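Going by this note's numbering, the first residue of the sequence shown is number 842, and it counts up by one from there.
A virtual CB, placed ideally from N, CA and C, is assigned to each residue, including glycine.
Everything numeric in this text was worked out from a predicted model, so none of it was measured.
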Amino acid sequence: MKVNSHHLTSLSKGPASSFDREGRLRVGRETQEGQGRPQVMCERWCRLRGNLLFIMKKPQQRSALEEVLVLERCHVLESTDNNNGLLIRFDSGEPGVYVECVNSGEVNSWLVALREANSEGLTNRIRHLRTQLMDTAGNSAVNSVGNAETTVVDAVYYCTKQLPLEFSIDCSGLSIGHKVKRPHAVVQVSVINTQTHTITDYCCTEIVESTSDPVFLTGVCISPDHPFTLDTTLKLTVYHAKVKTHDTRSFLGFSCFSIRDLLRTNEPQLSLSLRSADGTSEVGEVKLGRLQMRDMENREGEDTTSDILHKCPLLCDSLHGSMHDRDNSPMMRAVFRSTVCKVYRFQTESSRWMLVREQMSESPLSFSLPKQLLSCYIQEDMRRVQELCDLCDLSPYWDRLRTDVIAHYSQLISTYQETLTELNKLTGSSCSFKASCSKSDRYLEFIPVNLHTQRMQVTCSRRTVWYDVVTVGAPADHYQGFKHGGLQRLLNKPDSDNKSVSAAYCCISYSPEESSRAREVLSSVSQLQPLISGLTEELLQAALEVNSQRLQNILHSLAHRTEQFVHALKDELVKNALLALHAARPAYHLSNGHAHVTHGNGTGPRLSSANQDGLRPSIWRQESIPQHTEYDEEEEWDRVWANVAMSLNCIIAMVDRLQERENRKQEVTSQTQNDVTTTSHNTDSSRAPWQASLAPLPDSSRAPWQASLAPLPDSSRSPWQVSLAPLPDLSPSWQEQLLPLVVTLKECVSDAVERARCAMTFVLLQGAAASACHGQALTHRRDAVFSQALCAVVCGFVLRLYSGLEDKGFLLQLCEVGLITQFEGLLSTYSDEVGMLEDMEMGVSDLNRVSFKITEAKSEQPTDLLPSVTGLRGCFCVEVPLPSETYLLLPGELRDGRDLRVHPLLFNIGINQQQSLAERFGDSSLQERINLRSCEMLKSYYKTLRDKLPNLTLPCSRSPLAVEDLLCSLEQSLETKKRKNVEVLWLAASVCRRLNGVRLTSCKSAKDRTSMSVTLEQCMLLRDEHTLSKEHFNRALDCMRSSRLQQGQIVGCWDPERGAGSWSGFKGEQKTPAAPGRHFYPVALLLVTSHLLVVWLILSMVVVTGK
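Below, the structure written as structure tokens:
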């Protein structure tokens, strides 16, 4: 049989959703019929698609294809030798294939799948589906023409079930009884449950004032997640809204239809008669139209401005299919859930129509990332406690300090473990966000408030554009409150507040920058040590296989990692900390009881007086750190470096000699004599490029081992230094000769890690002591605020990455410069919101030390596609997994695990009435300082972007202003110091979008002010980028804002994970604390201007005086 191997390979690499069955199986061939289970069984990853069984080379999903079985003219039998085995026997007589499941629970499912994977099985399935369609249409009409049409409708519906069904509503001939007055029409869409005879409100249009023939801009979107069928009946009820601002309305008429009726009509619109309450008379007409962009474009040339509202055949159903396919990908479904969709149609200045689709989603990252962070905090603090205990004997003063710090860490560990336990109880598959009413909950401190993604898709003139923004409550610790301010104020108390601390702890002083460097060193050595150990094991394995090329590649990686390890420890901070630790030993104070060491500028230790009061028995003894004053710690640390470097050089030299000897054995030509002259002692001419990776450091930081590889004195000679003796003729294997050198390298690395860990732990002891003086509340607060900010940034990063996977320029920018993440704050600088802003400023600033890394997902299961976080405080790394097919299309830099940086910025403008008080009677310097600093950081980022990528093409815009002009306008706007200068926010957002950045909007709870800001931004984008008609701007803004209120009341309350019949809109629904109810943004109250506020204050004073 002729096959296309390339085509089969591509079929085997499809997504998991395109396969009927896949998993690990043990596969073997029969050598003769009836022999039973083959003796040789290899574990393989098998994927079943149709009648093809793909067998991979390895038991991993992403491995290469090895064999394909066509499951035709074969029989699948159960094995009599093994309960987990199946036998595929072919009618042609060729050897059968024996497959064995890993566990017994998969045998039946594989048996059924393999038996149905043939043409006969597919025919039976098609026949079964046809029977189901006929049963749905009615058996009495099977042979009729109408039934054929109905069957087609059913088939179309089942095939497009994964796409949302969208339609618009128009009315005509409406009247208010016998009055001439035109109604303010609004349509309520409800779902009729024919089984329970109940009616549930689903959605509502906006109010169209003073017209008998209203055209509603808000459409109806039925998501595939909703439990609708073809026979689902929808009821349209038209009301007259007497007062627009109050829910007082009178009934005009109603009509009912099924989804089958809408899909079956051949007309552009489905016309229905509106009936009175008793159903006896007609009171108007309602028209429903599926959104079809192609029909609209065909008729655009015929429509005029006067009658376009009545001739519009509505919008886009066919063009958004591909976009929805991307949104419905495993990546998007894993990270964004419970999507609520609203659809609108707006008119442009050229009298055309554009489709605007809003999607609001929740994310399981709201709970998954905080739980991972809590686990990281617990592990880090437990490791710190163990490291502090490993410092062994310390002087009485340092011992008391260590005891206080250990108690501080133990209290944090206990609190975090309790919080993590409660979160595991509260969270479930259907709970993916924290409502604003729970923002002060003790056990939900680490969860962001109202984290949602807001996506706006604009389709106009055959062009589709997405605008994304993440909305979240301001990262702040509402549980601890803001009585004493936020993090910024608590961490920067006046020096007078810390005098008692300084007097009580006359300790070695390290700056926050040095403490941060100490954490980086600890993180680096913790990551590099296992990598070096793993590479040495691979080196020995390659030596056992006598694989020269693999040996060279592994040795290259080993040299690179060792270079990183040595340079991570070259900092003077490590050496000075070792000296300070030596000075803190009891033995040092026995001979120098009047002195202790202080360290302020990082250049070295200096002595000052302190009182010492006796010695404390040691915790346990550590021989690696000297305990006497005559010992030269600096010389010992340099010797440790020399051991690591020289051990690696010995391995390199040994590999060179082994390979040269192997080459001499294989040479049979006349060139043998020339090659033999190159001996193993000529290291300069035979050294490979990677062998020079341990380049000399600058003279100021040069270690002794970097000068030469001369032998050390006999007193300090190590066993590995005699291992380079001339090789005997009958030498042992490569592995046996490399083993002593590898063991020595690992021991030297372990020794260096142990010393560096003790030194850096001693550095962190001083910072931890300062935190212990303030109690655990400050550390707890900072961890909680950082957790909330990290969840929002990760959500925005993932959303931006998914939308830019096909943009090579964006991926290059991500690698070389990083990604801008702009927080838009709407907090006032008055009362408690000052503390919230201080918390938010510190939380956003801490994001500077977060890195991202793109990895290949193990599978396409939702749990394997969720981002994960690892690391320590100050150096966390977020891994974002992508499916194999998507991952392989990325540039090599991203696939190599390159660290990606984010550049967080915060622009805040208070817009509520409290900000008016702050600007007139208070202080807004905090807001000004934050905005000015963020502006400078934004300018610096753009300069770096242009320097590194001068030819990068940024996203286009209809605005004539370049990015440089926008930055200049932003700087000028900040200098004017105008009250409630929202122009700052708009300019900053415009620059962020032009630089491929991530947009995040926050207020106190991400409700009123946030919804006002997001809807205004969306309408301004429609006006500036898509020529939204100025006459329709205010109506579009009111329409989008009113839909937010409707979403919070009746739309988006269906949760597919809770099962059928679960509607949050039902009366009497009980919500448990374990699954907080969904909260959507209501329409904000009108903001009180500063002038009205002054008038109100004056009138209040007059009233009080009169009384």
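Distance between aspartate 1234 and valine 1635, taken at the CA atoms: about 43 Å. Annotation: glutamate 1379 to serine 1709 spans about 27 Å, alpha carbon to alpha carbon.
When Pro1703, Ser1775 and Leu1729 are compared, the shortest CA-CA separation from serine 1170 is found for Pro1703.
For leucine 1795, the closest alpha carbon among the candidates Gly1645, Gln880 and Val1719 is that of Gly1645. Of the other Cβ atoms in all chains shown, 16 or more fall within 10 Å of the Cβ of lysine 1845; this residue is therefore buried. For aspartate 1072, there is no enclosing beta strand (DSSP E), since its DSSP letter is neither H nor E. For glycine 1375, no beta strand (DSSP E) run applies; the uninterrupted alpha helix (DSSP H) run containing it begins and ends at 1353-1386, by DSSP.
When DSSP assignments are scanned along the region 1565-1610, no uninterrupted stretch of beta strand (DSSP E) that is 3 or more residues long falls wholly within it.
Between threonine 1305 and leucine 1586, the C-beta spacing is not below 8 Å.
In the three-state DSSP reduction, histidine 916 falls in the strand class (E or B). Secondary structure of glycine 1637 (DSSP, three-state): helix.
With a contact defined as Cβ atoms closer than 8 Å, leucine 1215 and threonine 1260 qualify at about 6 Å.
The beta carbon of leucine 1499 sits closer than 6 Å to those of Trp1575, all from its chain and outside the five residues before and after it, given in chain order.
Of the candidates Leu963, Glu935 and Cys887, Cys887 places its Cα closest to the Cα of valine 943.
Cβ neighbours of aspartate 932 within its own chain (closer than 7 Å, five residues either side excluded): Arg914 and Cys915. Between the alpha carbons of leucine 912 and serine 920 lies a distance of about 18 Å. Inter-residue distance for aspartate 1222 and valine 1246 is about 10 Å (C-alpha atoms, whole angstroms).
Closest by C-alpha distance to leucine 927, out of Phe1603, Val940, Glu935 and Asp1788, is Val940.
Judged by DSSP in its simplified three-state form, histidine 1293 adopts strand. If you keep only unbroken beta strand (DSSP E) runs of at least 3 residues inside the region 1079-1105, you get 1089-1099. Only residues of its own chain outside the window of five on either side were considered, and among them Glu884, Trp886, Pro900 and Val943 have a CB closer than 7 Å to the CB of arginine 865, listed in chain order.
When the beta-carbon positions are compared, serine 1810 and leucine 1828 come within less than 8 Å of each other. As the crow flies, the alpha-carbon of isoleucine 1373 is around 29 Å from that of alanine 1421. Here the region 1663-1677 makes contact with the region 1747-1764; the two share three or more CB pairs at distances below 8 Å.
Under the DSSP definition of a beta bridge, leucine 1869 partners with Thr1189. Annotation: leucine 1741 to valine 1719 spans about 9 Å, alpha carbon to alpha carbon.
For leucine 1731, the closest of Glu1866, Asp1849, Leu1652 and Glu1050 by C-alpha to C-alpha distance is Leu1652.
Straight across, the Cα-Cα distance linking methionine 1681 with glutamine 1258 is about 25 Å.
Each of Arg1186, Leu1363, Ser1204 and Ile1033 was checked against the Cα of valine 1313, and the nearest Cα belongs to Ser1204. 8 Å or more divides the Cβ of glycine 1751 from the Cβ of leucine 1660.
DSSP, read as helix, strand or coil, puts isoleucine 1247 in helix. Note that the C-beta distance between phenylalanine 1627 and leucine 1747 is not below 8 Å.
At the C-beta level, valine 1825 and serine 1814 come within 8 Å of one another. Using a 10 angstroms sphere on the CB of cysteine 1589, the tally of other CB atoms reaches 16 or more, which defines it as buried. In summary, lysine 1183 is buried, with 16 or more beta-carbon neighbours lying within 10 Å of its beta-carbon over all protein chains present.
Isoleucine 1010 sits away from threonine 1074, with the two beta carbons spaced by 8 Å or more.
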